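S.K.:
Protein chains in written order, with full-length UniProt numbering: chain V, 1 to 171; chain F, 1 to 242.
This is how it looks when you write it as structure tokens:
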């Protein structure tokens with residue numbers, strides 16, 4: 001029973017890494033789940049999915065203290081997940097270690113978070129990997145170029161394209 | 001495949017040699033069209049799609065195309081999908097790949113300075129005839145005679161996918177509906193077939209494609225994106241001309 005629960009949570013942990021985090025690393029092959037830990041640590045919590053449980057107050061300290069009382073809820077057949085906060089084993093990848101933490105309330109995963117390396121070499125490699133594209137103003141220029149990249153044009157629309165004008169100028 | 005290919009060779013060589021190089025590229029691209037066009041009922045791809053050709057009997061080129069398409073399906077979380085419209089249609093991979101092969105043939109024949117532009121997807125090497133890098137404009141998504149970025153490259157590929165040219169022809173394979181959110185996606189990187197597939201996949205993802213593209217930069221694929229509402233985004237190492 002314990003092993004199958006661990007396996008189920010392990011799979012879901014992998015899913016949480018893909019859905020909730022989407023860092024540029026391959027998900028760990030089979031993260032092994034450790035015993036419940038107290039809190040979501042200092043990891044940034046992801047937005048909570050709407051939970052139907054009215055009791056979900058979101059108070060981490062409260063959840064921590066209540067955790068033992070939820071043992072019987074864990075037996076609910078719904079998902080087979082035990083309530084609590086679970087940390088996956090840190091998964092190593094070429095850029096450092098990633099560790100995923102999930103929070104289970106009422107048999108449902110209500111929160112997932114991941115840590116990623118911020119120290120040493122990894123810190124210099126990872127920020128570009130997760131950095132967003134920079135926003136800028138959209139230019140409209142008449143530039144001197146050799147070729148133009150654009151969405152696939154048909155033979156008919158090629159005639160009207162900037163590339164056709166360039167080709168005509170060179171011919 | 002119903003597209004126009006522009007070829008420019010930058011080297012100072014006798015006219016007949018240059019014409020022979022260009023003729024070789026054209027022969028190859030016509031061969032690819034005959035073998036891989038889904039519009040030709042007797043092409044190898046059409047026979048494979050109808051189940052008349054077993055994978056074991058397919059040419060090494062077709063097997064490569066199918067394997068690479070499967071790899072890209074995984075790399076793009078399923079957003080680059082050669083089965084999206086029903087029977088297999090690897091045209092989205094074949095175009096970039098055939099130009100990659102054509103450019104490699106030019107190199108093997110001794111041409112070190114060239115570009116090939118197939119329907120807006122470009123593979124280039126070496127120098128512009130005047131020296132210096134090739135300057136490639138990215139078409140402005142609303143003004144067909146303007147460019148929104150200018151790139152400067154010696155070696156590499158630039159592929160653009162957009163909704164402005166053929167309307168809603170890119171579908172989100174997850175929803176089956178036309179892709180929404182992004183107007184134009186350009187990917188710059190070492191291999192044109194991959195750059196093209198990434199651009200198509202990101203366009204299909206919609207605005208989530210911006211974050212997905214940001215993660216491709218570590219593998220050497222930079223990008224420039226324009227959203228439906230006219231916001232422009234680019235990765236930090238996009239080789240923009242100064």
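From the three backbone atoms N, C-alpha and C, an ideal C-beta is built for every residue, glycine too. Bear in mind the structure is a predicted one, so any value in this text is a computation, not a measurement.
Please name the residue in V:150, V:140, V:160 and V:83 whose C-alpha comes closest to that of residue 105 (chain V).
M.R.: When only C-alpha atoms are compared, the closest one is V:83.
S.K.: At a cut of 8 Å, does the segment 192-204 of chain F reach the segment 69-84 of chain F through at least three beta carbon pairs?
M.R.: Result yes; three or more Cβ-Cβ pairs closer than 8 Å.
S.K.: How is residue 200 (chain F) classed by DSSP in three states: helix, strand or coil?
M.R.: Three-state result, residue 200 (chain F): helix.
S.K.: Considering only their Cβ atoms, is the gap separating residue 144 (chain V) from residue 135 (chain F) smaller than 8 Å?
M.R.: Yes.
S.K.: Going straight from the alpha carbon of residue 67 (chain F) to that of residue 40 (chain F), what length do you get?
M.R.: Looking at the two C-alpha atoms, the distance is approximately 22 Å.
S.K.: For residue 142 (chain V), return the contacting residues in chain F, with the cut-off set at a CB-CB distance below 7 Å.
M.R.: The contacting residues are 146.
S.K.: By the 7 Å beta-carbon criterion, what residues does the segment 230-242 of chain F contribute toward chain V?
M.R.: Here the close residues are 230, 231, 232, 233, 234, 235 and 236.
S.K.: For residue 29 (chain F), count the other beta carbons within 10 Å of its own beta carbon; 16 or more makes it buried, fewer makes it exposed. Which is it?
M.R.: Buried is the call here.
S.K.: Taking the beta carbon of residue 142 (chain V) as the centre, do at least 16 other beta carbons fall within 10 Å, making it buried, or is it exposed?
M.R.: Its Cβ having fewer than 16 others within 10 Å, residue 142 (chain V) is exposed.
S.K.: Closest to residue 89 (chain V) by CA distance: which of V:163, V:100 and V:80 is it?
M.R.: With distances taken between Cα atoms, residue 89 (chain V) lies closest to V:100.
S.K.: Taking residue 204 (chain F) as the reference, which of F:142, F:228 and F:104 has the closest Cα?
M.R.: Among F:142, F:228 and F:104, the Cα nearest to that of residue 204 (chain F) belongs to F:228.
S.K.: Please go through the segment 165-194 of chain F and give each complete beta strand (DSSP E) segment of 3 or more residues, from N-terminal end onward.
M.R.: Whole beta strand (DSSP E) segments, 3+ residues: 182-189.
S.K.: So, using beta-carbon positions, are residue 150 (chain V) and residue 165 (chain F) closer together than 8 Å?
M.R.: Contact flag set, yes.
S.K.: Under a Cβ-count criterion, where at least 16 other Cβ atoms within 10 Å of its own Cβ denotes burial, should residue 112 (chain F) be classed as buried or exposed?
M.R.: The residue is exposed, with fewer than 16 neighbouring Cβ atoms inside 10 Å.
S.K.: Here's a check: name, in chain order, each residue in its chain whose Cβ is nearer than 7 Å to the Cβ of residue 134 (chain V), leaving out the five neighbours to either side.
M.R.: So no residue of the chain qualifies.
S.K.: So which residues on chain V does residue 192 (chain F) lean against when the C-beta distance must stay under 7 Å?
M.R.: Within 7 Å Cβ-Cβ: nothing; residue 192 (chain F) doesn't reach chain V, min ~11 Å.
S.K.: Under 8 Å between the Cβ atoms of residue 233 (chain F) and residue 242 (chain F)?
M.R.: Their beta carbons are not under 8 Å apart, which means residue 233 (chain F) does not touch residue 242 (chain F) by this criterion.
S.K.: In its own chain, which residues sit with a C-beta less than 8 Å from the C-beta of residue 177 (chain F), not counting the 5 before and 5 after it?
M.R.: Answer for residue 177 (chain F): 171, listed in chain order.
S.K.: With DSSP collapsed to three states, give me the class of residue 233 (chain F).
M.R.: In the structure shown, residue 233 (chain F) sits in a strand (DSSP, three-state: E or B).
S.K.: Taking residue 26 (chain F) as the reference, which of F:42, F:13 and F:8 has the closest Cα?
M.R.: Of the listed residues, the one whose Cα sits closest to residue 26 (chain F) is F:8.
S.K.: Expressed to the nearest angstrom, what Euclidean distance is found between the alpha-carbon atoms of residue 12 (chain F) and residue 78 (chain F)?
M.R.: Cα to Cα, residue 12 (chain F) sits roughly 45 Å from residue 78 (chain F).
S.K.: Whose C-alpha, out of F:80, F:138, F:208 and F:87, is nearest the C-alpha of residue 119 (chain F)?
M.R.: With distances taken between Cα atoms, residue 119 (chain F) lies closest to F:138.
S.K.: Which of helix, strand or coil does DSSP assign to residue 105 (chain V)?
M.R.: Correct three-state label for residue 105 (chain V): strand.
S.K.: Distance check for residue 239 (chain F) and residue 185 (chain F), CA to CA, integer angstroms please.
M.R.: Whole-angstrom Cα-Cα distance: 15 Å.
S.K.: Mind listing the chain V neighbours of residue 213 (chain F)? Cutoff is C-beta to C-beta under 7 Å, in chain order.
M.R.: Correct list: 133.
S.K.: Might you give, ordered along the chain, the residues of its own chain that have their beta carbon closer than 8 Å to the beta carbon of residue 46 (chain F), omitting 5 neighbours on each side?
M.R.: Correct list, in chain order: 37, 38 and 40.
S.K.: I'd like to check one pair, residue 21 (chain F) with residue 144 (chain F): are the Cβ atoms closer than 8 Å?
M.R.: No, the Cβ-Cβ distance between residue 144 (chain F) and residue 21 (chain F) is not below 8 Å.
S.K.: Would you mind giving the Cβ-Cβ distance between residue 115 (chain F) and residue 147 (chain V), rounded to the nearest angstrom? I have them listed as a contact below 8 Å.
M.R.: Sure, about 6 Å apart at Cβ, within 8 Å.
S.K.: Mind pulling the alpha helix (DSSP H) runs of 4 or more residues that sit fully within the segment 82-160 of chain F?
M.R.: Those alpha helix (DSSP H) runs which fall completely within the segment 82-160 of chain F and span 4+ residues are 91-108.
S.K.: Quick one: what's got a C-beta closer than 6 Å to residue 76 (chain F)'s C-beta in the same chain, skipping five residues either side?
M.R.: The answer, listed in chain order, is 201.
S.K.: Given a cut-off of 8 Å on the beta-carbon distance, is the pair residue 80 (chain F) and residue 159 (chain F) in contact?
M.R.: No, the Cβ-Cβ distance between residue 80 (chain F) and residue 159 (chain F) is not below 8 Å.
S.K.: Looking at the C-beta of residue 81 (chain V), does it have a partner C-beta in chain F at a distance below 8 Å?
M.R.: Taking Cβ atoms only, chain F never reaches closer than 8 Å to residue 81 (chain V), which makes this a no.
S.K.: Are any of the Cβ atoms in chain V nearer than 8 Å to that of residue 134 (chain F)?
M.R.: For residue 134 (chain F), the answer is yes, since a Cβ of chain V falls inside 8 Å of its Cβ.
S.K.: Could you work out which residue in V:107, V:108 and V:136 is closest to residue 231 (chain F) when comparing CA atoms only?
M.R.: Minimum Cα distance to residue 231 (chain F) is reached at V:136.
S.K.: Any beta-carbon of chain B closer than 8 Å to the one on residue 38 (chain F)?
M.R.: You won't find chain B in this structure, because its protein chains are V and F.
S.K.: Hey, does residue 145 (chain V) have any beta-carbon neighbour from chain F nearer than 8 Å?
M.R.: By this cut-off, residue 145 (chain V) is an interface position.
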